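Heads up: the structure comes next, in structure tokens.
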Amino acid sequence: MSPFVPKPDASLSAVIVSGGKQYRVAPGDKVLVDRLAAEPGSSVKLDRVLLVRDGSDINVGSPAIAGMVVDAKVLAHSRGPRIETLRYKSKKRVRVHRGGRADYTALEILAVGGLTVATGTEVETETKPSKGKAPSKRGAKAAEAKAEVIAEAETETNVGAAAEKPKRATRKKQATEPDTNK
């Protein structure tokens, strides 16, 4: 069984719509949906919830349940397998070959309607004060370059000490006589 197929026996589950397709999800599940405009690691709120089941209670919307939200975390973006189509007519040279790959987003379902499956209680939203942007790759490269410059400056100060050391003598090659026995 695929890791992205939800378990059918989950006591808390929902049916959501994403990208025109319906998915049955439960907290802790991982699903592949059509590509969403969100960065990996960010959280997404899916608000088109058609049905929610909590134990024996079933809530059905018409078409969606007002105020119901499914919280999910974006794990990664990926692409599906290549799907090819071929149309071939023999007599008059009609050959059409098309192919493409679907773009997917892997989501991990965190909570359904603010409820998690482990505790059955509402999820407390954590508000963390933002301290600015996280260091980017460019910032890391710049810090690494500064460290290299500092290391080079230290080696230049040690060059005088290196000049005092005597150099190794090079080996002299021995002359070989040409082979005249032919």
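Residue numbering for the sequence shown follows the numbering used here, beginning at 1230 and increasing consecutively. Glycine is no exception: its CB is placed at the ideal position from the N, C-alpha and C atoms. Please read these numbers as outputs of a predicted model, since none were measured by experiment.
Beta-bridge analysis with DSSP links G1328 to E1313. When the five nearest sequence neighbours on each side are left out, the beta carbons in the same chain lying within less than 6 Å of the beta carbon of A1267 are those of V1273 and V1303, in order along the chain. Assigned with DSSP and collapsed to three states, A1266 falls in coil, not helix or strand. If you draw a straight line from the Cα of V1299 to the Cα of V1289, it is about 15 Å long. Contact check for G1296 against E1313 fails: the beta carbons are separated by 8 Å or more. Taking a cut-off of 8 Å for Cβ pairs, the region 1248-1263 and the region 1331-1342 touch, as three or more such pairs fall below it.
P1269 and V1281 have their alpha carbons spaced roughly 26 Å apart.
Boundaries of the beta strand (DSSP E) harbouring N1288: D1286 to V1289, taken from the DSSP string. Per the C-alpha coordinates, the member of G1248, R1397 and L1344 positioned closest to R1277 is G1248. Using a Cβ distance threshold of 8 Å, V1246 and L1279 count as a contacting pair. DSSP links R1253 through a beta bridge to V1244.
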